[in-house]
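> First to last, the sequence lines map onto chains A and B.
For the first sequence, position 538 (counting from the first letter as 1) is numbered 962 according to the working numbering, and the numbering increases by one without interruption.
For the second sequence, position 198 (counting from the first letter as 1) is numbered 622 according to the working numbering, and the numbering increases by one without interruption.
The C-beta atom is built at its ideal place from N, Cα and C for all residues, glycine as well.
Every value quoted in this text rests on a predicted model; they were computed, and no experiment measured them.
Got a structure for you, written out below as structure tokens; questions coming shortly.
There are 2 protein chains.
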Amino acid sequence: MTTDIEIARAATLQPITEVAARLGIPADAIAQYGTDKAKLTAPFLASLADKPDGHLILVTAINPTPAGEGKTTTTVGLGDALNRIGKKAAICIREPSLGPCFGMKGGAAGGGHAQVVPMEDINLHFTGDFHAITSAHNLLSAMIENHVYWGNALEIDQRRIVWRRVVDMNDRALRQITTSLGGVTNGFPGESGFDITVASEVMAILCLATDLEDLQRRLGDIIVAYRRDKSPITCRDIKADGAMTVLLKTAMQPNLVQTLENNPAFIHGGPFANIAHGCNSVIATKSALKLADYVVTEAGFGADLGAEKFFDIKCRKAGLKPKAVVLVATIRALKMNGGVAKADLAGENVAAVTAGCDNLGRHIENLAKFGVPAIVAINHFTGDTEAEIAAVKSYVAGLGREAIICRHWADGGAGAEDLAAKLVEMVEGGSDRFKPLYPDDLPLWEKVETIAREIYRADGVSADPAVRAQLSAWEAAGFGNLPVCMAKTQYSFTTDPERRGAPDGHTLEIREVRLAAGAGFIVVICGQIMTMPGLPRIPSAENIGLDEAGNVVGLF
Amino acid sequence: MTTDIEIARAATLQPITEVAARLGIPADAIAQYGTDKAKLTAPFLASLADKPDGHLILVTAINPTPAGEGKTTTTVGLGDALNRIGKKAAICIREPSLGPCFGMKGGAAGGGHAQVVPMEDINLHFTGDFHAITSAHNLLSAMIENHVYWGNALEIDQRRIVWRRVVDMNDRALRQITTSLGGVTNGFPGESGFDITVASEVMAILCLATDLEDLQRRLGDIIVAYRRDKSPITCRDIKADGAMTVLLKTAMQPNLVQTLENNPAFIHGGPFANIAHGCNSVIATKSALKLADYVVTEAGFGADLGAEKFFDIKCRKAGLKPKAVVLVATIRALKMNGGVAKADLAGENVAAVTAGCDNLGRHIENLAKFGVPAIVAINHFTGDTEAEIAAVKSYVAGLGREAIICRHWADGGAGAEDLAAKLVEMVEGGSDRFKPLYPDDLPLWEKVETIAREIYRADGVSADPAVRAQLSAWEAAGFGNLPVCMAKTQYSFTTDPERRGAPDGHTLEIREVRLAAGAGFIVVICGQIMTMPGLPRIPSAENIGLDEAGNVVGLF
Chain A
425 MTTDIEIARA
435 ATLQPITEVA
445 ARLGIPADAI
455 AQYGTDKAKL
465 TAPFLASLAD
475 KPDGHLILVT
485 AINPTPAGEG
495 KTTTTVGLGD
505 ALNRIGKKAA
515 ICIREPSLGP
525 CFGMKGGAAG
535 GGHAQVVPME
545 DINLHFTGDF
555 HAITSAHNLL
565 SAMIENHVYW
575 GNALEIDQRR
585 IVWRRVVDMN
595 DRALRQITTS
605 LGGVTNGFPG
615 ESGFDITVAS
625 EVMAILCLAT
635 DLEDLQRRLG
645 DIIVAYRRDK
655 SPITCRDIKA
665 DGAMTVLLKT
675 AMQPNLVQTL
685 ENNPAFIHGG
695 PFANIAHGCN
705 SVIATKSALK
715 LADYVVTEAG
725 FGADLGAEKF
735 FDIKCRKAGL
745 KPKAVVLVAT
755 IRALKMNGGV
765 AKADLAGENV
775 AAVTAGCDNL
785 GRHIENLAKF
795 GVPAIVAINH
805 FTGDTEAEIA
815 AVKSYVAGLG
825 REAIICRHWA
835 DGGAGAEDLA
845 AKLVEMVEGG
855 SDRFKPLYPD
865 DLPLWEKVET
875 IAREIYRADG
885 VSADPAVRAQ
895 LSAWEAAGFG
905 NLPVCMAKTQ
915 YSFTTDPERR
925 GAPDGHTLEI
935 REVRLAAGAG
945 FIVVICGQIM
955 TMPGLPRIPS
965 AENIGLDEAG
975 NVVGLF
Chain B
425 MTTDIEIARA
435 ATLQPITEVA
445 ARLGIPADAI
455 AQYGTDKAKL
465 TAPFLASLAD
475 KPDGHLILVT
485 AINPTPAGEG
495 KTTTTVGLGD
505 ALNRIGKKAA
515 ICIREPSLGP
525 CFGMKGGAAG
535 GGHAQVVPME
545 DINLHFTGDF
555 HAITSAHNLL
565 SAMIENHVYW
575 GNALEIDQRR
585 IVWRRVVDMN
595 DRALRQITTS
605 LGGVTNGFPG
615 ESGFDITVAS
625 EVMAILCLAT
635 DLEDLQRRLG
645 DIIVAYRRDK
655 SPITCRDIKA
665 DGAMTVLLKT
675 AMQPNLVQTL
685 ENNPAFIHGG
695 PFANIAHGCN
705 SVIATKSALK
715 LADYVVTEAG
725 FGADLGAEKF
735 FDIKCRKAGL
745 KPKAVVLVAT
755 IRALKMNGGV
765 AKADLAGENV
775 AAVTAGCDNL
785 GRHIENLAKF
795 GVPAIVAINH
805 FTGDTEAEIA
815 AVKSYVAGLG
825 REAIICRHWA
835 DGGAGAEDLA
845 AKLVEMVEGG
855 SDRFKPLYPD
865 DLPLWEKVET
875 IAREIYRADG
885 VSADPAVRAQ
895 LSAWEAAGFG
905 NLPVCMAKTQ
915 YSFTTDPERR
925 GAPDGHTLEI
935 REVRLAAGAG
945 FIVVICGQIM
955 TMPGLPRIPS
965 AENIGLDEAG
975 NVVGLF
């Protein structure tokens, strides 16, 4: 079988100037990174403000399982298909994180014949955005420590420094560390730790900021520590916001690459989908909407987490009006949601597929609550049977929706033309009815309750009184109008990753709440969230290298 | 007064394709990073192998003082001047480190009218080389820890892990840390610490490797830890060398930018000048020599450290044959070497200048030992008097050399034309007589003794018996043919930074020796060497930001 990297390498890339030209972007409006990657320049971005917007399409999925759903692949395939049927379409996806590429996760550049290229570059350093975020984050860390070192005029309570450090590498040894050992010149010993770069609030900020001025304001708002009296100290108090903005100046410009079929792809930003909102940057999405008639984007994890945050955080704050949702499912993943173990996925099992459709159906119901029409994409895998596919189509039809089989993995854009055609029909015949799930002015606790009830179908929400007190304190401090960013397992509607399908009657237990004052949301943590992954027993790094021709091998 | 950043911003940059064309580099042989930065592609670099080499000129300096010497500025000015007098010349300098830009150090892109541009980019992320080095270094750190975590099949003695971590940020809190706290899933608690990226052995390796194959071999040779029986464990044992090479693949390609006068400048690599050899990359220097008739490069610190390592490590290992040396001095720095404090530099003081010439004279004598002709460049500062300049010229003439006044800071290349003309005369009338100071097969201890005697003019070398035993052990293990890399204060020929001028009769005390098996040298540490700087009381980061027009301010 041909691997993703082999397919990617066999592709004929167009000069990025030609890809840009198809969106009406002149050559002097991009800064090239080699012949196949570019950033849109800031003056060009500013010049787009008055142009009309294209149609925004969200690709989301059922709850993920180890069987795989193919959300990015479907986003790429749909974008290619829209171009094939004559629409000016672009896709907007997230940048992959470097660290996990050396663990066990493959890259995040799609797969099969629905990929973005150059995939090695995209999966590795790309245009350096994540490195810039790492630098900006760690500059702030160094400046906080330095402030304390030189006399602590702001009276930071060292026990209450909440700003950690980041590195784009899976290094479990750095999760919890003691710093400033070794004597007076190294500072005051204290506790710290590293998260992976995608978990940085700077990443979330970059992805929500509308321009450099907004970026600096948000960076300045980051709460980095508290005093003994618990009053907050911000990044602005530390005077790091200007230098951080300078470090992020180029990273704020969206990156343009191409799909295997030479269609434009914006890949920009990549916040965690648990403690952050899991979407590509607002600036990329908004720019793409000015340049294309159709913009296909995706959100992290399943629709319960990803789509909800896309709507309630990104669209609400950026004023985006999505026109349709594509809900991706695979027969294999439906079987797992229907109770089958990964080892038992081979062979036809219509009953399991039907049982797993409960998960699909729940997401379809949920998506209707945002006022956006949905369509189901069955991402075809070799081995799916006609009877299994028919079962899904029939189930979805019973809910008044349509499920379309998509073969973009095997056939590229041609394999998703049916989906594209149906989608165009839906969008062009439809009307703007998007609305977030809850209003800005709902109390924070009730925002969580609304999501728990409407999306997770929980009977209730529980939390330590300290959590409720904290939410009230933030409301009193003027943060009550922020949306909430739910951090829970992506594998279930509940907080128990083993409960697949469409469970109800559970309680959502909040473990902790955090204020991301710069990003502009309250993180509500339900369960254990890992912000620094480790490497597996045999990390994929051991097999990554250059072959004799100088090609990258082992990276997929 | 116009600042460096204002002068840089007022420059008219040529498209980098045009700068490349002047060296005969076709447009498809470079990967552009915007319109003003590029990397030479690997196939093009390989195609140069059979071309003849141009003349290599080293710019070095007297011992640095807080008054400043202007080595990079002179390198840039001389390159521009050579172009002005009709020579096809290029310069090769080091990339600046990001972290120190936020402390108190200015950038490292020259100054006045002798700068390389775009200076903001060069001083910040540039083309991402240092970020790639940071990633490669920290991947190895994570893989070592991960190996121990998953059962430690190699039997690493955790107390003897010698591979630390790096970050390109001045963060003193990370100098010495305890890792893997917080429980079983975070690994085994241990000690570690961060150095600044330029201190990474990966940086030294990248700067000495001749191609990707050599790079991977050297990376594999890095010793990362020892067993209880003290047998070494290498990066190759950890199986990190392939993935690290992939991470460094693009970083290995030299960067091309331009001077304010639109002449080609290669800026590539930047190892520390104390625990490493302090020169730009071999691959950039060798490529430049294939493309230009004159290549002007520089080495870190003063000639005692920088030039010695340039000759004995870089030139020896890369087979380079430098044709001439420019020794940079300023009247102000000579005064400080003559015993004047920085606060007292204003006003004519011929006696102090003459006294300080002892330092200059010592370096001139030393340089003769490498068989390379030297010329002195007096880097002119406003306030230097005619009498002071005459005193230096007369002193240098007494040694049979010539001192040329250079005004490139104020006048650009035109200000260094005299120097360029004299240099061409020296080089074109001269012969190849370069030789390193000591042969490869001299015992390690005697290599140190030779440098101490011939360059530092010490009476002897002292060290703990453990140090001598360690050197003998390395010789027995096959490392005896490596050159030594001296790490000592740059401010004096001795190990006492206060002893300016031309001291003798001192003893060189070795504190520690380290084996850089990948870079291919033995580091001999004399005195305290700081590999992770801190930020000052008022870091320059506090004043760095964007102005209303989006320009970077506060970075200089």
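1) Between D661(A) and the rest of its own chain, which residues show a CB-CB distance below 7 Å, the 5 nearest in sequence each way excluded?
2) By a C-beta neighbour count over all protein chains shown, 10 Å radius and 16 as the cutoff for buried, is P490(A) buried or exposed?
3) Measuring only between beta-carbons, confirm whether H549(A) sits less than 8 Å from chain B.
4) By the 10 Å Cβ neighbour count, where 16 or more other Cβ atoms means buried, how is D768(A) classified, buried or exposed?
5) Roughly how many whole angstroms lie between the Cα atoms of H549(A) and G523(A)?
6) Candidates G693(B), C631(B), C659(B): which alpha carbon is nearest G742(B)'s?
7) When you compare the CB positions of I557(A) and L672(A), do they come within less than 8 Å of one another, or not?
8) How about K591(A) and N562(B): are their beta carbons less than 8 Å apart?
9) Answer with buried or exposed for E637(B), where buried requires no fewer than 16 other C-beta atoms within 10 angstroms of its C-beta.
10) Is the CB-CB distance between A965(A) and F612(A) below 8 Å?
11) Which residues does DSSP list as the beta-bridge partners of L482(A)?
12) Identify which residue in G606(B), S604(B), G617(B) has its Cα closest to the Cα of L605(A).
13) Alpha carbon to alpha carbon, what distance is there between V483(B) and A532(B)?
14) Decide if the stretch 779-791 of chain A is in contact with the stretch 453-471 of chain A; the criterion is three or more beta carbon pairs, one per stretch, under 8 Å apart.
15) If you draw a straight line from the alpha carbon of D888(A) to that of I934(A), how long is it in whole angstroms?
16) Express the C-alpha separation of D717(A) and D477(A) in angstroms, rounding to a whole number.
17) Quick one: Cα of G902(B) to Cα of P867(B), how far?
18) Rounded to the nearest angstrom, what separates K745(A) and H479(A) at their Cα positions?
19) Between D595(B) and chain A, is there a C-beta pair that is closer than 8 Å?
20) Helix, strand or coil for M593(B), going by three-state DSSP, please let me know.
21) Rounded to the nearest angstrom, what separates R589(A) and N610(A) at their Cα positions?
22) Apply the 10 Å Cβ neighbour rule to I646(A) and answer buried if 16 or more other Cβ atoms are within range, or exposed otherwise.
23) Less than 8 Å between the beta carbons of I802(B) and I813(B), yes or no?
24) With three or more beta-carbon pairs closer than 8 Å as the criterion, would you say the stretch 501-516 of chain A touches the stretch 649-657 of chain A?
25) Can you give the Cα-Cα distance for G534(B) and I429(B), rounded to whole angstroms?
26) Which residues does DSSP pair with G534(B) in a beta bridge?
27) Could you give the residue range of the alpha helix (DSSP H) that holds Y819(A)?
28) What would DSSP say about K495(A), mapped onto helix, strand or coil?
29) List, in order along the chain, the chain A residues whose C-beta lies closer than 7 Å to that of S565(B)?
30) Just the C-alpha distance for P907(A) and I879(A), rounded to the nearest angstrom, thanks.
31) Where are the beta strand (DSSP E) runs, 3 residues long or more, that stay fully inside the stretch 762-809 of chain B, in chain order?
32) Per DSSP, which one or two residues make a beta bridge with V947(A)?
33) What is the C-beta distance between R881(B) and F917(B), in whole angstroms, given that I count them as a contact (C-beta under 8 Å)?
34) Beta carbons nearer than 8 Å to chain A: which residues of the stretch 879-896 of chain B have them?
35) Do we get a CB-CB distance below 8 Å when we pair W574(A) with the residues of chain B?
36) Which stretch, first to last residue, makes up the alpha helix (DSSP H) that contains A882(A)?
Working from what's here:
1) Here residue 661(A) corresponds to residue number 237 of the first sequence, with the count starting at 1. Closer than 7 Å at Cβ, skipping near neighbours: L578.
2) For the purposes of this step, residue 490(A) is identified with residue 66 of the first sequence, where counting begins at 1. Exposed, by the Cβ-count rule.
3) Numbered from 1 along the first sequence, position 125 holds the residue referred to as residue 549(A). Output row for H549(A): interface = yes.
4) Translated into the one-based positions of the first sequence, residue 768(A) becomes position 344. Answer is exposed; the Cβ neighbour count stays below 16.
5) Here residue 549(A) refers to the residue found at position 125 of the first sequence. Here residue 523(A) refers to the residue found at position 99 of the first sequence. Those two C-alpha atoms are separated by around 10 Å.
6) For the purposes of this step, residue 742(B) is taken as residue 318 along the second sequence, with counting starting at 1. The residue you asked about is not Gly; residue 742(B) is Ala in the sequence shown. Cα-wise, what sits closest to A742(B) is C631(B).
7) Residue 557(A) sits at position 133 when you count from the first residue of the first sequence. Residue 672(A) sits at position 248 when you count from the first residue of the first sequence. Yes, Cβ-Cβ distance for I557(A) and L672(A) is below 8 Å.
8) Here residue 591(A) refers to the residue found at position 167 when the first sequence is read from its first residue. Here residue 562(B) refers to the residue found at position 138 when the second sequence is read from its first residue. The identity of residue 591(A) in the sequence shown is Val, whereas the question assumes Lys. Cβ atoms of V591(A) and N562(B): closer than 8 Å.
9) In the second sequence, the residue the question calls residue 637(B) occupies position 213. Exposure of E637(B) is indicated by the presence of fewer than 16 other C-beta atoms within 10 angstroms of its C-beta.
10) What you label residue 965(A) is simply residue 541 of the first sequence in a count that begins at 1. What you label residue 612(A) is simply residue 188 of the first sequence in a count that begins at 1. Contact flag unset, no.
11) The residue labelled residue 482(A) in the question sits at position 58 within the first sequence. Looking at the DSSP assignment, L482(A) forms a beta bridge with T721(A), V749(A).
12) Translated into positions along the first sequence, residue 605(A) becomes position 181. Ranking G606(B), S604(B), G617(B) by CA distance to the CA of L605(A) puts G617(B) first.
13) Position 108 of the second sequence, counted from the start, is the residue given in the question as residue 532(B). Position 59 of the second sequence, counted from the start, is the residue given in the question as residue 483(B). Approximately 15 Å between the Cα atoms of the pair.
14) no
15) Taking the first residue of the first sequence as position 1, residue 888(A) is located at position 464. Taking the first residue of the first sequence as position 1, residue 934(A) is located at position 510. If you take the alpha carbons of D888(A) and I934(A), they lie about 8 Å apart.
16) Numbered from its first residue, the first sequence carries residue 477(A) at position 53. Numbered from its first residue, the first sequence carries residue 717(A) at position 293. Their Cα atoms are separated by approximately 7 Å.
17) On the second sequence, position 478 is the one that residue 902(B) refers to. On the second sequence, position 443 is the one that residue 867(B) refers to. Cα to Cα, G902(B) sits roughly 11 Å from P867(B).
18) On the first sequence, position 321 is the one that residue 745(A) refers to. On the first sequence, position 55 is the one that residue 479(A) refers to. When rounded, the distance between both Cα atoms is 8 Å.
19) For the purposes of this step, residue 595(B) is identified with residue 171 of the second sequence, where counting begins at 1. With 8 Å as the cut-off, D595(B) counts as an interface residue toward chain A.
20) Sequence index remark: in the second sequence, residue 593(B) carries index 169 (1-based). Coil.
21) Position 165 of the first sequence, counting from 1, holds the residue named residue 589(A). Position 186 of the first sequence, counting from 1, holds the residue named residue 610(A). Going by the C-alpha atoms only, they are around 17 Å apart.
22) Taking the first sequence and counting its residues from 1, one reaches residue 646(A) at position 222. By the 10 Å Cβ count, I646(A) comes out buried.
23) Position 378 of the second sequence, counted from the first residue, corresponds to residue 802(B). Position 389 of the second sequence, counted from the first residue, corresponds to residue 813(B). Cβ distance < 8 Å, so I802(B) and I813(B) count as in contact.
24) no
25) Counting from one through the second sequence, the residue named residue 534(B) turns up at place 110. Counting from one through the second sequence, the residue named residue 429(B) turns up at place 5. Answer to the nearest angstrom: the Cα atoms are 11 Å apart.
26) The sequence position of residue 534(B) within the second sequence is 110, counting from 1. DSSP output for G534(B) lists Q539(B) as bridge partner(s).
27) One-based indexing of the first sequence puts residue 819(A) at position 395. Y819(A) -> alpha helix (DSSP H) spans 810-822.
28) Within the first sequence, residue 495(A) is the residue found at index 71, counting from 1. K495(A) carries a helical assignment under DSSP once its states are collapsed to helix, strand and coil.
29) Within the second sequence, numbered from 1, the residue matching residue 565(B) stands at position 141. Ordered by position in chain A, the residues that pass the 7 Å Cβ test against S565(B) are D595.
30) Within the first sequence, residue 907(A) is the residue found at index 483, counting from 1. Within the first sequence, residue 879(A) is the residue found at index 455, counting from 1. Straight-line Cα distance between these residues: approximately 15 Å.
31) 798-803
32) By one-based count along the first sequence, residue 947(A) stands at place 523. C909(A), R938(A), per the DSSP bridge assignment.
33) In the second sequence, counting from the first residue as 1, residue 881(B) sits at position 457. In the second sequence, counting from the first residue as 1, residue 917(B) sits at position 493. Right, the Cβ-Cβ distance comes to about 6 Å (below 8 Å), so this counts as a contact.
34) none
35) Position 150 of the first sequence holds residue 574(A). With 8 Å as the cut-off, W574(A) counts as an interface residue toward chain B.
36) Working through the first sequence from its first residue, we reach residue 882(A) at position 458. Taken as a continuous stretch (DSSP letters only), A882(A) belongs to no alpha helix (DSSP H), as it is neither H nor E.
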